[in-house]
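This report refers to the structure that appears directly beneath it.
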Amino acid sequence: MQPELRYPTQRTKTKELTVIRNKVLRNTFWMLGLTMIPTVVGAMIGMSTNFTFLAQSPIMGPLVMLAVMFGLMFAVSATRNSIWGIVLLFGFTFVAGWWLGPMLQYALHFKNGAQLIGIAAGGTGVIFFTLAGIATATRKDFGFMGNFLFVGLVLLIIASIANLFFAMPAASLAISAVAVLLFSGFILYDVSRIVNGGETNYVMATLGIYLSIYNLFISLLHLLLAFSGEKD
3 MQPELRYPTQ RTKTKELTVI RNKVLRNTFW MLGLTMIPTV VGAMIGMSTN
53 FTFLAQSPIM GPLVMLAVMF GLMFAVSATR NSIWGIVLLF GFTFVAGWWL
103 GPMLQYALHF KNGAQLIGIA AGGTGVIFFT LAGIATATRK DFGFMGNFLF
153 VGLVLLIIAS IANLFFAMPA ASLAISAVAV LLFSGFILYD VSRIVNGGET
203 NYVMATLGIY LSIYNLFISL LHLLLAFSGE KD
């Protein structure tokens with residue numbers, strides 16, 4: 003009789019795990035949609051912000067902003083199990099949107115800048131929904147990509163910081179191209195972790211996917227401006 007007693011118990015546990023995973027995935031996608039509101043608001047404010055201080059300090063400005071972003075991410079992680087985690091997540095996405103200001107200002111100096119911004123946003127959306135759909139529908143575990151993606155991210159950050167000093171256009175384009183591939187991989191990896199139970203906190207899940215979408219958009223826009231931008 004023991005096997006018969008254990009079978010429904012195991013089945014119940016599996017069902018409960020499935021319910022939890024579906025809830026985390028649903029909450030993550032809802033939260034991801036909501037984070038776009040402070041991002042857009044921040045971007046609108048950023049577009050009207052005077053960023054001349056960046057010209058005076060082209061290296062220190064991005065480094066300070068990078069430190070601020072990492073600090074906010076650490077704060078979100080530390081409070082992920084409370085309401086403050088959500089508040090700080092929204093604060094982080096607002097700051098991230100505001101920091102898009104210089105790039106959006108630069109893009110709008112091109113005759114087709116607004117169009118390229120729209121294409122970058124649309125391309126980001128297509129990539130996200132395609133990869134998220136693959137991870138969700140197949141339920142394949144892409145956890146094996148974790149170490150590779152982490153090493154790639156470290157190298158990308160080092161290369162980006164180094165290029166602040168050398169300011170090489172070719173290197174900047176190469177970094178953006180690699181970033182498109184890397185953060186596309188992160189989307190697949192992060193959604194897969196939720197689907198397969200590797201991530202059960204929707205605040206952290208949202209933060210991870212948001213960062214991938216954010217950097218994917220920036221990288222696509224940079225490439226589009228470089229290759230398709232029409233100057234006045």
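Each residue of the sequence shown is one higher than the last, beginning at 3 in our numbering.
Heads up, the beta-carbon is just placed ideally off N, CA and C, and yes, glycines get one too.
Alpha carbon of residue i to alpha carbon of residue j, nearest angstrom
i, j, result
"K17", "M105", "47 Å"
"T51", "Q117", "22 Å"
"A137", "E201", "14 Å"
"F96", "F53", "17 Å"
"N149", "F185", "14 Å"
"R82", "N217", "22 Å"
"M33", "R23", "15 Å"
"P60", "N114", "26 Å"
"V171", "L226", "Reading off the sequence shown, one finds Pro at residue 171, where the question assumed Val. In a straight line, the C-alpha of P171 is about 14 Å away from that of L226."
"L27", "V205", "11 Å"
"I220", "T20", "35 Å"
"Q4", "S194", "Confidence in Q4 is poor, its pLDDT being 47 and thus under 50, which makes the residue's placement unreliable; the coordinate value appears in the next sentence. Straight-line Cα distance between these residues: approximately 35 Å."
"F146", "F152", "11 Å"
"I159", "I85", "30 Å"
"A77", "G87", "8 Å"
"N165", "V156", "14 Å"
"V66", "K233", "30 Å"
"D143", "D192", "10 Å"
"M75", "I47", "21 Å"
"A139", "T30", "16 Å"
"Y212", "S79", "14 Å"
"F167", "A228", "20 Å"
Residue from the options with nearest C-alpha to residue i
i, options, result
"I163", "G63, Q117 and I47", "G63"
"L102", "A139, M49 and A181", "M49"
"I39", "L74, F94 and A80", "F94"
"L190", "F167, V153, I129 and V180", "I129"
"V89", "L183, T208, A228 and E232", "T208"
"G210", "N165, G187 and A176", "G187"
"V43", "K25, V78, W100 and L65", "W100"
"A45", "Q107, K25 and F168", "Q107"
"G231", "L213, H111, A134 and G124", "H111"
"V182", "F167, G154 and I196", "G154"
According to DSSP, residues forming a beta bridge with residue i
i, result
"K113", "According to DSSP, K113 bridges with nothing at all."
"K233", "F112"
Boundaries of the alpha helix (DSSP H) in which residue i is found, first to last residue
i, result
"G73", "M62 to A80"
"R141", "It is not in any alpha helix (DSSP H) - R141 carries neither H nor E in the DSSP assignment."
"N149", "G148 to F168"
"L91", "I85 to W100"
"G187", "P171 to V197"
Cβ-Cβ separation, residue j to residue i (assumed contact under 8 Å), whole Å
i, j, result
"A239", "L222", "In the structure as shown, the chain starts at 3 and stops at 234, and residue 239 therefore has no counterpart that could be examined."
"I215", "T132", "Their Cβ separation, rounded to whole angstroms, is 13 Å, which puts I215 and T132 out of contact at 8 Å."
"R141", "N198", "7 Å"
"T37", "F92", "7 Å"
"A134", "T41", "That belief does not hold up - the Cβ atoms of A134 and T41 are roughly 18 Å apart, past 8 Å."
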